[in-house]
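With numbering that gives the first Met the number 0, letter number 74 in the sequence shown gets 73, and the count goes up by one each step, no holes. One structure below.
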Amino acid sequence: MTPPVRLLFVCLGNICRSPMAEGALRARLQQAGLAHAVRHDSVGTGHWHVGEPPDHRAIACAARHGVEIADLRARQLCAGDFDEFDVLLCADRDNLSDVRAIAPAGAAGKCQLLSRYAGQGDIEIPDPYSGGTRDFDVVWAMVDRMAQAIVSRLGA
Ligand code: 4NP
């Protein structure tokens with residue numbers, strides 16, 4: 000059996016965009032019967048929210064779309080992640096440059112924008128932390144579209 004693809008979602012705080020992206024992917028994989036095909040996690044480049052669940056607005060936004068993400072817990076990117084995961088999927092260009100800056104030799108190629116991995120060009124997912132409900136809904140629409148694209152490719 001093919002080993003699962005190991006995908007790590009990365010944003011700044013690991014309480015908004017990356018857990019939303021992970022939750023969207025998890026839900027789309029389950030719907031497609033492909034949960035076994037991917038091992039996934041999410042992290043932040045920052046340490047501020049380690050151990051916390053996603054932001055309550057992210058949890059509410061996902062729930063409005065029928066997806067549960069309250070079980071996820073924030074952690075910070077660590078050196079071992081570059082071994083443990085095949086691809087590090089960054090929400091925006093700042094995240095990407097922060098991740099590449101600490102990547103061990105030879106691992107920078109594993110780091111890319113989530114949008115690019117999803118086949119949607121280079122699109123940054125805007126940080127909704129200082130925004131409102133509408134900003135979270137914009138993020139959800141983006142990450143769910145990317146999750147669907149990833150799942151379609153895996154299922155093809
Ligand atoms: P995220 O959003 O990177 O999408 O999780 C943020 C969450 C928290 C902070 C910044 C961005 N913060 O500065 O605490």
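Note that the Cβ used here is the ideal one computed from N, Cα and C, for glycine as well.
Beta-carbon proximity check, residue i vs residue j, cutoff 8 Å
i: Leu153; j: Phe8; result: no
i: Leu24; j: Ile149; result: yes
i: Gln147; j: Arg27; result: yes
i: Asp134; j: Pro127; result: yes
Length of the line joining the Cα atoms of residue i and residue j
i: Tyr116; j: Leu88; result: 7 Å
i: Cys110; j: Cys77; result: 14 Å
i: Val86; j: Asp80; result: 10 Å
i: Ala140; j: Leu6; result: 20 Å
i: Asp136; j: Ser129; result: 14 Å
i: Gly45; j: Thr1; result: 33 Å
i: His64; j: Cys10; result: 21 Å
i: Gly50; j: Val142; result: 23 Å
i: Arg56; j: Met145; result: 20 Å
i: Phe84; j: Arg99; result: 14 Å
i: Gly32; j: Asp82; result: 27 Å
Residue i, buried or exposed, once every other Cβ within 10 Å from all chains shown has been counted against 16
i: Gly108; result: exposed
i: Arg92; result: exposed
i: Asp97; result: buried
i: His35; result: exposed
i: Gly12; result: buried
Nearest-angstrom beta carbon gap, residue j and residue i [assumed within contact, 8 Å]
i: Asp40; j: Glu21; result: 7 Å
i: Pro53; j: Ile14; result: 5 Å
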